[in-house]
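Okay, structure first, notes after.
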Amino acid sequence: MGYWTYARRRWKWFLWLLVTAVVLINAAIFIGLTGPRDQLSVRQTEDESHLLIARKNLNKSRGNSSGQAYADWEQKDPLGGDRGKHLNQENSQKQDQNLADHGYDANQPKEVDVNYNSRTNYTYKDNEEDNDDEEIIELLKQKDDQEDYVQQKGGQSHGARANYSITQVDQFVQKFQSVYKNSPYAVDIESKYLIHLRRITSLRKKGPRLVDYLHEKGTHSWEIFHSEIRQHALYDPDEGYLKSLLKDMVMKEVVDVEQKEGGTQIKLIITLEDDGQSLFKPMRFPRQQETLPDHFYFADYERHNAEIAAFHLDMLLGFHRVPPTVGRVMNVSHDLHRLSNKKLARTFFISPAGNWCFHGSCSYYCDSSHPICGHPIMLEGSMAAFLPPVERAKRKTWRNPWKRSYSKHRKAYWELNNDLCEKIKEKEPYNTGRRLLDILDMAVFDFLTGNLDRHHYETFQDFDNETFLLHLDNGRAFGKSKYDCISCIAPVRQCCMIRLSTLSKLVKLYSGPDSLSTLMRFSMHSDPVDPILVEPHLQALDRRVSKLLHIIYSCLAEGKSWNEVIIDDGIT
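Structure (structure tokens):
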């Protein structure tokens, strides 16, 4: 009875001892199984910024997922499978175990994952000193390389005329050649397109730099890119910094990830180890999948490869108005989830197929029914270089006069009437300077890419109205290979005008020997995620070149004079 009496008097003490023992045992087991949760403690730290925390905890071994290790086919998981347990603290232990079990398999053959295709083909040339003779030699060498590449692929190098000849266009081309026989815009059907392009762009005056960058050059490629933005071009393709910028966007380590606010679909702001930033648009579908027939243009999915292809087309047309863009393969866990904030991190999950997925937050397609998924953990996307911050280079947003209605039930004014061009010719900034012809250039670009989603455009305020238009946001391009968007070229059709330099390039692409599809195929071959476009979209480019020239022919056939239709404003 003595022990029982003692126990009754001390029951609270025994209960406390038992609870303490249970807690300690569970804590020991938990720590032993999962290890210390560094990432959780990092996210709970409030004294340091998210970016500094990411830098502090970054693995600097260069064995990261999307940098040099993956360029050498080292398909490793630098953080190990256990990091899956940190995916979501609200998940059950069963979900944690599932995530850990789905760590990336380093033994998976690289042939299994199409995302790795041609990754080792991404090469960069050393910067060369400016020398006109050397540049021409280099161009000729590139043309030889192009012909070798075409032969290897079993194709032919020829103009759009070879497959999409139109009798009236042939007549127009003959007239064009006779009118500009002794002009820099003359078309020599024997010479290569890039030599023709170089001759035209050499006439361009670069103009001043952005005011805030007049006395600043910078050391990193993205800093040089910002400082070299000129009045008449966003970038110079002949400068070494462009190759370095594209290389850095592929190879530099990711240190921070955040979702871009606004927009209809998910886009991520990627900060790299050199403080450069890029806009990452992830891959949703295979390249063969086209726009769904019943989808309106404003509900279409955005395509990462369209952004890459638009940049290459912009270079080949000599516009230089699309931000430098390149493909990159990301590790969803190491590059994206590990560095995301809590809001974005909560949207990551493992799919029933075992793929790492996330959906973010946006207006369209940002839910678990429309996830972005890796294969199984690697995700392809486009990286577009950021423009200078608006605090240093203010931009003005303009409404496109030929903007669509973005309605399921009504059409825009210009879709029902053909007099919009005459109306806007009387209004600023379209009544003077280069602006109207820049709108027509943009229409040519959108017709070639099939982009119906051009509701606004932007310009740099430092240059007032005498500057180029930024061709941003091309993700809804290249959606229908068999459909040519005639409404996209409405500005040219209704104004019956085109810039001489633009027309000269189109005539050359029609006449050959180089077709636009061949040039695009060769240009995009250097991208890490090549092939960028499937063959039907490449063939569509040649077909659309012929149709563009037929529209110009029709304007002349309607009785308009040559000088009314073809405008030489000195802009190349």
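FYI, numbering that gives the first Met the number 0 numbers position 80 of the sequence shown as 79, with every residue one higher than the one before it. Positions of the beta carbon are idealized from the N, C-alpha and C atoms, including for glycine. Computed from a predicted structure; not experimentally measured.
Note on geometry: alpha-carbon atoms of L267 and N473 lie some 16 Å from one another.
With respect to V210, V528 sits apart: the two C-beta atoms are not nearer than 8 Å. In this structure, the straight-line span from the alpha carbon of P387 to that of K395 is close to 13 Å. Annotation for Q258: the continuous beta strand (DSSP E) segment containing it runs 253 to 258. Around the CB of R543, 16 or more other CB atoms lie within 10 Å, so the residue is classed as buried. I565 and H374 have their C-alpha atoms some 50 Å from each other.
When secondary structure is reduced to three states using DSSP, H311 falls in the helix class. R434 and K424 have their alpha carbons spaced roughly 10 Å apart.
Following the DSSP letters along the chain, one finds F171 in no beta strand (DSSP E) but inside the alpha helix (DSSP H) bounded by residues 166 to 178. If you draw a 10 Å sphere on the C-beta of I24, you find fewer than 16 other C-beta atoms in it, and that means exposed.
Collapsing the DSSP output to three states places F446 in a helix. Comparing C-alpha distances from L532 to each of A305, Y234, V21 shows the shortest one belongs to A305.
Exclusion of the five residues before and after G432 leaves N464, E465 as the residues of its chain whose Cβ lies within less than 7 Å of its Cβ. Secondary structure note for P281: its beta strand (DSSP E) is the uninterrupted segment 276 to 281. It is roughly 25 Å from the alpha-carbon of I551 to the alpha-carbon of G478. Excluding the 5 residues flanking it on each side, H303 has same chain C-beta neighbours closer than 6 Å at K280, M282, G380, S381, in chain order.
Residue ranges of uninterrupted alpha helix (DSSP H) with 4 or more members, entirely inside the region 194 to 256 and ordered along the chain, are 220 to 226, 239 to 250. Under the three-state reduction of DSSP, V325 is assigned to strand. M523 sits close to H311, with the two beta carbons spaced by under 8 Å. With a threshold of 16 other beta carbon atoms within 10 Å, S516 meets it and is buried. Under the three-state reduction of DSSP output, H455 falls in the strand class. For A383, the uninterrupted beta strand (DSSP E) segment begins and ends at 377 to 384. Sorting S525, Y482, L548 by C-alpha distance to the C-alpha of L502 places L548 at the top. 8 Å or more divides the Cβ of H294 from the Cβ of P236. In the three-state scheme derived from DSSP, where H, G and I count as helix and E and B as strand, W355 is classed as strand. In the structure shown, the three-state DSSP call for N330 is strand. Checking the DSSP bridge columns, you'll see F348 partnered with C356.
The DSSP-derived three-state label of R160 is helix. In this structure W12 is exposed. Its beta-carbon is surrounded by fewer than 16 other beta-carbon atoms within 10 angstroms. Contact annotation: Q230 and L343 have beta-carbon atoms that are not nearer than 8 Å. Annotation note: the region 466 to 532 contains the following uninterrupted alpha helix (DSSP H) runs of length 4 or greater, listed N- to C-terminal: 489 to 494, 499 to 510, 515 to 523. If you look at K395, you'll find it in the beta strand (DSSP E) that goes 394 to 398. Distance from the CA of D169 to the CA of P183, rounded to the nearest whole angstrom, comes to 21 Å. Within its own chain, the residues whose Cβ lies closer than 7 Å to the Cβ of D437, once the five positions on either side in sequence are excluded, are F467, L468, listed in chain order. Between the beta-carbon of Y240 and that of I223 there is about 4 Å, and that keeps the pair under the 8 Å contact cut. Beta bridge pairing from DSSP links I565 with I497.
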